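In what follows, a single structure is set out as structure tokens and then discussed.
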Amino acid sequence: MKKIIALGAAAAVLSLTAVAASAAIAPVMTPAAPVAGDTVTVEIVANGMTQDSTAFKVVASDNLTLTANDPGTGLFNPETGKYAWAGTAVPADGTVLLTLTYTVDAAADEEVTVALEAGSGATDISADTVAAVVVDGEPTNVPDTDTIETSDEEFYTSEEEPGLTTTDEEGSVDAGTVDAGNTDAGDDNGKGNPDTGIALAVVPAVLAGAAIVVAKKRK
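For the sequence shown, the residue numbers in my numbering are -17 to 201.
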């Protein structure tokens, strides 16, 4: 008799273990490392279900605040966390029964958890708790357009040097190399005035005057 009881107890334990191992409905948390102050998505996914109906309760840690839910074709009560679904056939593997969105109120290095509690008559529910450690959110580095450095090559082409330049018909002259005190425009008289040709005009006049003097003496 004792052997029969022992065998019955062993069979019961094995049966419970098999049910736990074949649990088909479980939560999946995304991202795997939730960011403090950000949101996290929890999908209740069915795999290998054996029933065409199910019921469970979603139990989330206190540092998660439910902000949105999508029960698909089932029914969900956000106040109690209870969900129920019934269909005409067993859901295909990978079917998302319920999608929940939580705000992460936990600080960095704290843990957030989500678990399912099987409802009456439901056998395909995972008893495992899904847990994740919260991380700090790092802001994205955006370059400051007011402090972006640019090289001179963006503004000068070929062999031009940085600086103010002036252009005449013969080419470019660097204004930075012009001597402001030099008024010489190209002559060698050092006075800054161009040659006018006056000296050349005086010579013929002197010769003409000499010719007139010679003519008077002959008379």
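Cβ coordinates follow ideal geometry from the N, Cα and C atoms, glycine included.
This one's a predicted model, so the numbers in the text were calculated from it and none came from an experiment.
Pick helix, strand or coil for Pro73, following the three-state DSSP scheme. If DSSP states are grouped into helix, strand and coil, Pro73 belongs with coil.
Taking Cβ to Cβ, would you say Asp20 is nearer than 7 Å to Val96? Contact flag unset, no.
Of the listed residues Thr111, Ile107, Val116, Ala114, nearest to Asn29 (C-alpha basis): Asn29 has its Cα closest to that of Ile107, out of Thr111, Ile107, Val116, Ala114.
What does Asp52 pair with, by DSSP beta-bridge criteria? Assignment of beta-bridge partners to Asp52 by DSSP yields Thr81.
From Ala113, Ala6, Val72, residue whose alpha carbon lies closest to that of Glu93: Nearest option by C-alpha distance: Ala113.
Let me know the secondary structure DSSP gives Met11 once reduced to three states. Looking at Met11 - three-state DSSP - the assignment turns out to be strand.
Closest residue to Thr47 among Ala14, Thr32, Leu82 (Cα-Cα distance): Checking every option, the nearest Cα to that of Thr47 belongs to Leu82.
Do Val72 and Met31 have their CB atoms nearer than 7 Å? Against a cut-off of 7 Å, the Cβ pair of Met31 and Val72 comes out as a contact.
Can you tell me whether Ala104 is helix, strand or coil according to DSSP? DSSP places Ala104 in the coil class of the three-state scheme, outside both helix and strand.
Where Val86 falls: helix, strand or coil (DSSP): In the structure shown, Val86 adopts extended strand secondary structure according to DSSP, grouped into three states.
Would Ala18 pass as a contact of Ala100 if the rule is Cβ separation under 7 Å? By the CB criterion at 7 Å, Ala18 and Ala100 fall outside the cutoff.
Within a Cβ cutoff of 8 Å, which residues of the same chain sit near Thr111, ignoring the five residues on either side of it in sequence? Non-local C-beta neighbours of Thr111 in its own chain, meaning closer than 8 Å and more than five positions away in sequence, comprise Thr95, Val96, Ala97, ordered along the chain.
DSSP three-state assignment for Asn45, whether helix, strand or coil: Coil, per DSSP.
Verify whether the separation of the beta carbon atoms of Glu203 and Val41 is less than 7 Å. Nothing about residue 203 can be reported from this structure: the residues present for the chain run from -17 to 201 only.
Thinking Trp67 and Ser35 are a contact (beta carbons under 8 Å), I'd like their distance in whole angstroms, please. The C-beta distance from Trp67 to Ser35 rounds to 6 Å, short enough to fall under 8 Å.
Beta-carbon contacts of Asp52 that lie in its chain and below 6 Å, excluding the five residues immediately before and after: Within the same chain, Asp52 has close Cβ partners Thr81.
Which word fits Pro13, buried or exposed, when buried means at least 16 other C-beta atoms lie within 10 angstroms of its C-beta? With fewer than 16 Cβ atoms within 10 Å of its Cβ, Pro13 is classed as exposed.
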